[in-house]
Structure formats: structure tokens, C-alpha cells
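As given, the protein sequences belong to chains A and B, one line each in that order.
All residue numbers for the first sequence refer to this note's numbering, where the first residue is 27 and numbers rise by one.
All residue numbers for the second sequence refer to this note's numbering, where the first residue is 2 and numbers rise by one.
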Amino acid sequence: MKTIADIMAIKEKMQREIILRDNLSENETRLVVGMATCGISAGARAVFNALVDEIAVRNLKGVKVTRSGCLGMCKLEPIVEVYVPGQEKITYIRVDAEKAKKIIASHIVNGNVVEEYMITNE
Amino acid sequence: MRELALHILDIAENSIAASASLVEIEVATDEKVLTITVTDNGKGMDEEMQKRVAEPWATTRKTRNIGLGLPFWKLAAEMAGGAFSIRSKLGEGTRVKASFLVDCVDRAPMGDLAATIAALMAAENTDFVLRYSRKGEGFVFDTRELKAAGIDVTRPAAIKLIRDMIRENIIITDGGTVL
Numbered sequence: 027m028k029t030i031a032d033i034m035a036i037k038e039k040m041q042r043e044i045i046l047r048d049n050l051s052e053n054e055t056r057l058v059v060g061m062a063t064c065g066i067s068a069g070a071r072a073v074f075n076a077l078v079d080e081i082a083v084r085n086l087k088g089v090k091v092t093r094s095g096c097l098g099m100c101k102l103e104p105i106v107e108v109y110v111p112g113q114e115k116i117t118y119i120r121v122d123a124e125k126a127k128k129i130i131a132s133h134i135v136n137g138n139v140v141e142e143y144m145i146t147n148e
Numbered sequence: 002m003r004e005l006a007l008h009i010l011d012i013a014e015n016s017i018a019a020s021a022s023l024v025e026i027e028v029a030t031d032e033k034v035l036t037i038t039v040t041d042n043g044k045g046m047d048e049e050m051q052k053r054v055a056e057p058w059a060t061t062r063k064t065r066n067i068g069l070g071l072p073f074w075k076l077a078a079e080m081a082g083g084a085f086s087i088r089s090k091l092g093e094g095t096r097v098k099a100s101f102l103v104d105c106v107d108r109a110p111m112g113d114l115a116a117t118i119a120a121l122m123a124a125e126n127t128d129f130v131l132r133y134s135r136k137g138e139g140f141v142f143d144t145r146e147l148k149a150a151g152i153d154v155t156r157p158a159a160i161k162l163i164r165d166m167i168r169e170n171i172i173i174t175d176g177g178t179v180l
């Protein structure tokens, strides 16, 4: 059975990533996944975990995934809102695990918004 | 929702929305019955709301006048020969309990409970405890211990690490059989 002690051992090795709250919070990129009943049943948990995995594997600093309640557009779920400091909010709709990886690679790493997944004025 | 773990995520999200600082999730299985209890110290609800809360038209959300989380959960338990109950006290918290017959054909599979806990951990102002046991064996996971050890459990690298640890512990507890 793995215990907190095991996590601590790993923490020592990857101190930079798991340290105490760093001072990045003001300059942090945030990805917000809608996690109400509508989002969850549409696959938000898989999207959340895919975003976390991609950020962790790429060792990206100053990027966080968080969650929110119902955004009022249930049929467009799973929805991911991306807040990059100094830029306008981008809303992606009907995201899945694959799209989530592409959003990280294209938008977060390379700064290119993935227009095909963005919300439009329907 | 095809997984019990997805329902657990949904129910625990209610606790976060109720401003709970602590949410305890207990998944206990014996030979016949699987019991899932979600207990929070959030703002709770009055008796009138408690009576209506498992009906689809009871909701506090402002974007729609329908809330399906608890009705789905009640249905999932009752379909599987189990029971559903909710106890709440205004200002003190809420406990939602659902039980299932393990071998009932209509019981949904547990699914990825570790991914559920991972998605919850990103809630900055709430701590989570998972008590997982099967036929007496099991483990306890507590985000307060991690925070006390200086780990920021909202960072993606930490979430991934902890999720994989919980997943491994569940497999050990279950002895390789899928719940």
C-alpha cells in the first residue's frame, strides 16, 4: 500500500513541481473545467484528468487546472475556459481527452488558440 | 452516468458548492453490500429542502430550474436493490448515503474512483478524505496530511501523482477483482 510517506519521497525528487504554493498565482494560466452534473455526465472528469496528465508530463510551470459549477450551457459540455494572464478568456466546447491534449499543445505551449474547438455565436 | 465514481464526483461537487471545508467519502464493501457515504461540513439545508432534494425539480442552481444529481444517485441505488438516504442540518452539514447489492445485475460498476478524487482535489478551499475498504482491508487518504507535509494538492503534477497512488491502493485493496 502506498502511503503519504511515499508521496513525500517522490516530492523530494520533484521538489520544483510539487512545492508549496509558489508565487505564480498572479501570473498563472488557469484552465477551468465545468464540473456540474451536466459536465460530469458529458465527460468532464476525463477532460480534467487529460489536462492534468498533459501538463504534468510536459512539466509545464505556472499552469493550473481547476473546476467550476454549471456554466449554463449544458448541451455544449464538456466546457473548458482558458485564462492566460493578459489575454481574453477563451472558451472551448464539447471537449474530450484528445481535444484537451491538443489545447495544451497548441494553445498553452505554443500560444495558438485552437479555433475549431472554440464556442461560436450559435 | 455509467459509473458510481462519476456520481460520487457529482455528489461531492454539491458539498464544494455548499462551501464545505471538509468532505469525507467512504466506500465500504462487505460480502453483499456496497455502501457509499459522502459527508460534508457545508452549509446544510432545511427540512423542507431535504424532503424535495431527490426530486428533479429541486435545485439551487441559477442557470436552470432542474437538478438531476441526487435523483440519479437515488435511482442508481434503488435499481441495484439498495437504499438512499440524506441527512442534513442547516449550518452543520450534509450526509448522503447510498447502498447497493454488490452482485445485482443493475448495479453500475465503480469506475475510476481515483480520477474522481483527482478532479475534486483541485478545489482549493476544500479538504477530502477517502476511506476505502473491502471486506475489512483498505486505506485512508487525506488531503490535510499532504497539505501539512507542504504539498500543494492543486498542482497538476501533484494531482497526477496522488491519483496514481490511489489507483494502485484500490487495486491492492480489491485484490485485482473489479468492483
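Glycine is no exception: its CB is placed at the ideal position from the N, C-alpha and C atoms.
Original post:
In angstroms, rounded to a whole number, what distance separates the CA positions of B:P110 and B:A77?
Top reply: It is roughly 11 Å from the alpha-carbon of B:P110 to the alpha-carbon of B:A77.
Original post:
Which term fits B:I37, buried or exposed, when burial requires 16 or more other beta carbons within 10 angstroms of its beta carbon?
Top reply: buried
Original post:
For A:Y118, which residues from the same chain have a beta carbon less than 8 Å from its beta carbon, with the 5 sequence-adjacent residues on both sides left out?
Top reply: I105, V106, E107, V108, K125, I129, V140, Y143, M144 and I145
Original post:
Counting pairs of beta carbons, one from the region 126-137 of chain B and one from the region 167-174 of chain B, are three or more of them closer than 8 Å?
Top reply: Yes, they touch.
**OP:** Identify each residue in the region 57-70 of chain A for which the Cβ-Cβ distance to at least one residue of chain B is less than 7 Å, and report them in chain order.
**Re:** M61, A62, T63, I66 and S67
Subject >> Closest by C-alpha distance to A:K133, when choosing among A:I81, A:R120, A:S94 and A:C96 >> reply: Note that residue 133 of chain A corresponds to His in the displayed sequence, not to Lys. Here the closest residue by C-alpha is A:I81.
**OP:** Classify A:G65 as helix, strand or coil using the three-state DSSP reduction.
**Re:** helix
Original post:
Where does A:R71 land, buried or exposed, given buried means 16+ other C-beta within 10 angstroms?
Top reply: buried
**OP:** Out of B:V141, B:R145 and B:K52, point me to the one whose CA is closest to B:V97's CA.
**Re:** Per the Cα distances, B:K52.
**OP:** Can you grab the Cα-Cα spacing for the pair A:R47 / B:D153, in whole Å?
**Re:** Low confidence applies to A:R47: its pLDDT is 49, below 50, so where it sits in the model is not reliable, and the reading given next is rough at best. Taking the straight line from one Cα to the other gives about 6 Å.
**OP:** State yes or no: is the beta carbon of B:A13 nearer than 7 Å to at least one beta carbon in chain A?
**Re:** no
**OP:** Determine the contact status of B:D41 and A:I66, defining contact as a CB-CB distance below 7 Å.
**Re:** no
Original post:
Can you list, in chain order, the residues of its chain whose CB lies under 7 Å from that of B:M80, leaving out five sequence neighbours each side?
Top reply: D107
**OP:** Using three-state DSSP, classify A:G137 as helix, strand or coil.
**Re:** coil
Subject >> Cα-Cα separation between A:E54 and B:S16, rounded to whole angstroms >> reply: 26 Å
**OP:** Tell me where the alpha helix (DSSP H) around B:K161 begins and ends.
**Re:** Secondary structure note for B:K161: its alpha helix (DSSP H) is the uninterrupted segment P157 to D175.
**OP:** Determine the extent of the alpha helix (DSSP H) in which B:S16 is found, giving its start and end residues.
**Re:** L5 to A18
**OP:** Could you work out which residue in B:F101, B:E25 and B:L147 is closest to B:L180 when comparing CA atoms only?
**Re:** B:F101
**OP:** Would you decide whether B:S89 is buried or exposed? Buried here means 16 or more other CB atoms lie within 10 Å of its CB.
**Re:** buried
Original post:
DSSP three-state call for B:E146: helix, strand or coil?
Top reply: helix
Original post:
Taking buried to mean at least 16 other C-beta atoms within 10 Å of its own C-beta, is B:E4 buried or exposed?
Top reply: buried
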